[in-house]
Structures are given as structure tokens and as C-alpha cells.
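Written out below as C-alpha cells is the structure these notes cover.
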Amino acid sequence: MTCILLLGGTTEASRMARALAEAGLAAEFSYAGRTEAPVAQPLPTRVGGFGGVAGLVDYLRARGISHLIDATHPFAAQMSRNAIAACAETGTALIGLERPAWAAQPGDRWTHVADIAGAVAALPEARARVFLAIGKQTLAPFVARPQHHYLLRLVDPPEGALPLPDAAAVIARGPFDLAGDTALLRDHAITHVVAKNAGGAGASAKLEAARALGLPVILIDRPRLPPRQVSATVEGVMGWLAGHTAPSTERGV
Ligand SMILES: NC(=O)c1ccc[n+]([C@@H]2O[C@H](COP(=O)([O-])OP(=O)(O)OC[C@H]3O[C@@H](n4cnc5c(N)ncnc54)[C@H](OP(=O)(O)O)[C@@H]3O)[C@@H](O)[C@H]2O)c1
Numbered sequence: 148m149t150c151i152l153l154l155g156g157t158t159e160a161s162r163m164a165r166a167l168a169e170a171g172l173a174a175e176f177s178y179a180g181r182t183e184a185p186v187a188q189p190l191p192t193r194v195g196g197f198g199g200v201a202g203l204v205d206y207l208r209a210r211g212i213s214h215l216i217d218a219t220h221p222f223a224a225q226m227s228r229n230a231i232a233a234c235a236e237t238g239t240a241l242i243g244l245e246r247p248a249w250a251a252q253p254g255d256r257w258t259h260v261a262d263i264a265g266a267v268a269a270l271p272e273a274r275a276r277v278f279l280a281i282g283k284q285t286l287a288p289f290v291a292r293p294q295h296h297y298l299l300r301l302v303d304p305p306e307g308a309l310p311l312p313d314a315a316a317v318i319a320r321g322p323f324d325l326a327g328d329t330a331l332l333r334d335h336a337i338t339h340v341v342a343k344n345a346g347g348a349g350a351s352a353k354l355e356a357a358r359a360l361g362l363p364v365i366l367i368d369r370p371r372l373p374p375r376q377v378s379a380t381v382e383g384v385m386g387w388l389a390g391h392t393a394p395s396t397e398r399g400v
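Quick note: the sequence shown uses my numbering, first residue 148, plus one each step.
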């Protein structure tokens, strides 16, 4: 019997949840619990970590999960690695719902870096005004470049002082659009954008705005994952579940 666990936390995961609910499939949705008021889902929802690979193995067995759909963010690599390991151990079918990475277009001024440390190193020496569009969890390394002003965009207001000496935060939840992000970059006199190559439509407006304004972007590459089946679309995952179509790719990220 099909019993699905959907790992969420992205716009695509919410679309996947709607498709599963509309199809009447037995499925549950899992949030990490990072945001205070996560988007409500049309599926039974649990919140919080499983306790590493061992905890996820126990969970899959206890709940009789037959299929796991990993629709976490492309930078949620720990969760994705745990899912690969736990599914291999339990024989659970696994697919990643994985949006294609963004690719540069004419007019883009992108510097590609491998990770957060690379982004810190790629910032200029002279004082700059940086839109740091990387969430709240990996801000600390930018302390090494205290001469810059940093603009953050966060889902929830910060609980304490920001870890950077000269920083401001705007509180907003995507999806974002070109007009709004162009105004944001202009209003804050931003000179550099730092972003993760998340892919998808919901967060691409900042890159379009940077292109329109001629601003340089430091773009952090996705973390690599072990090989797994992936689909770029909700429809592809539904086909995989139905056993009608096999996803066309099997690769790491
Ligand atoms: N990283 C980003 O840039 C980013 C951006 C937007 C949204 N998100 C979303 O935010 C959440 C956390 O991301 P992260 O980068 O902190 O992940 P991560 O570093 O890969 O995961 C750290 C731990 O958080 C728990 N976890 C993560 N996703 C979970 C889920 N959907 N359900 C239950 N537990 C989960 C797991 O704990 P245990 O080991 O205890 O199981 C995992 O080992 C994810 O749902 C992700 O989709 C992340």
C-alpha cells in the first residue's frame, strides 16, 4: 500500500502537497520547524527533525512509509543526505523534487562560489552595501567582513541582535517579484547581491533586479548530493508514484 512522506519547506513542496491531496493519496507532510508560522498544508503535518538517519529509519518503519518525496530546499543538504541513507536502509522508494538551478543570462554579472566561505572571500575590500539573501542560519561567517553594510531578508523577525555589526533586516515571505525587488535594491542603495543558487521562480526576482540595475551577484553553488532519482516537476513525481513513467534522470546535484 502506498504511504507517502513528503519533506517540505519550499513552494514546490506546497504544490506537491496539493497534488497528493487532490489525488486522495495517503501522505503526510514534514516541516523542520524553522519558521514560526509555516504555511498550512492540505495533508496531515508533523514538525521537527527525525533524529538523524537512525531516527528517520525508525520513523519510516513505524509509519509504514512506502515512498519518500524529498521536496526540501536545494541547500537543505543534510536532510537530503539523511533521506538517501534512510531510504537505502529501509528499501523505501525515494525521489527528489528538484528545481533546476538558475543559469546566467545576458547582462548578468555573476561570480560563482562553492560555499558560504567562498561568498565571504568574494566580497570587495572597499565598503559595500550587500543584499545578503541567504536566510538566517549562515550569517556568522560574514563577521569576517565587518566593513560592509548588510541587508537581510528574513521570514521571521530576528529574536536577538543580528550577528553582523552593520546590518538591517526586512521581514518578508516569498514569492517575490521584479518590481518589488528592484525597489528594495534601489531603496537600500545595494551595490552587491549574495544569493544561493536555489532555482525556481519564487526567489529569482532578486537576480532579475540585479540584472536590471547592473549589480554584481555572488552566487553560491548548490551542495552536492549522492545520486538519487529526481524530477523537476510535481507532474513527474505523480507519474513516478503511479508507476506509469520513470523519471528521466538519475544523478547527483
Ligand atoms: N537551507 C536553505 O537555504 C533553505 C531555504 C528555504 C527553506 N528551507 C527549508 O528549511 C528547512 C530546514 O532547512 P536546513 O537547510 O536547515 O536543512 P538541513 O540543514 O538539511 O537539515 C538539518 C536538520 O533539520 C531537520 N530537517 C530539515 N528539513 C526537515 C523536514 N522537512 N522535516 C523534518 N526535519 C527536517 C533534520 O533534522 P534530523 O536530523 O533531526 O532529522 C535535518 O538533519 C527545510 O525544510 C528546507 O526545505 C531551507
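Even glycine gets a Cβ: it sits at the ideal position worked out from N, Cα and C.
Would you grab the beta carbon distance between Arg320 and Val302 for me? Rounded to a whole angstrom, and I think it's under 8 Å. 5 Å
For the segment 203 to 219 against the segment 348 to 355, do three or more pairs of beta-carbon atoms, one drawn from each stretch, fall closer than 8 Å, so that the two count as touching? Short answer: they don't touch.
Going by beta carbon distance, what residues of the same chain come within less than 6 Å of Arg276, once the five residues before and after it are set aside? His296, Ala336, Ile337 and Thr338
Quick one: what's Glu183 bridged to in DSSP? Its beta-bridge partners do not exist; DSSP assigns none.
So does Asn344 have its beta carbon nearer than 7 Å to some heavy atom of ligand 1? no
If you pair each beta-carbon of the segment 313 to 332 with each one of the segment 280 to 300, do three or more pairs fall below 8 Å? A contact is defined here as three or more CB-CB pairs under 8 Å, and the segment 313 to 332 meets this definition with respect to the segment 280 to 300.
So who's on the other strand from Glu175, going by DSSP bridges? Leu152
What is the DSSP secondary structure of Lys283, counted as helix, strand or coil? coil
At a cut-off of 7 Å, would you count Leu203 as near ligand 1, judging by its Cβ distance to the nearest heavy atom? yes
When every heavy atom of ligand 1 is checked, does at least one fall within less than 7 Å of the C-beta of Ala173? For ligand 1, not one heavy atom lies less than 7 Å from the Cβ of Ala173.
Is the segment 281 to 295 touching the segment 377 to 387 in the sense that three or more CB pairs, one from each, lie closer than 8 Å? Touching, no, given that fewer than three Cβ pairs across the two stretches are closer than 8 Å.
Spatial distance of Gly156 from Ala273 (CA atoms): 36 Å
Answer yes or no: the CB of Arg181 versus the heavy atoms of ligand 1, is any distance below 7 Å? yes
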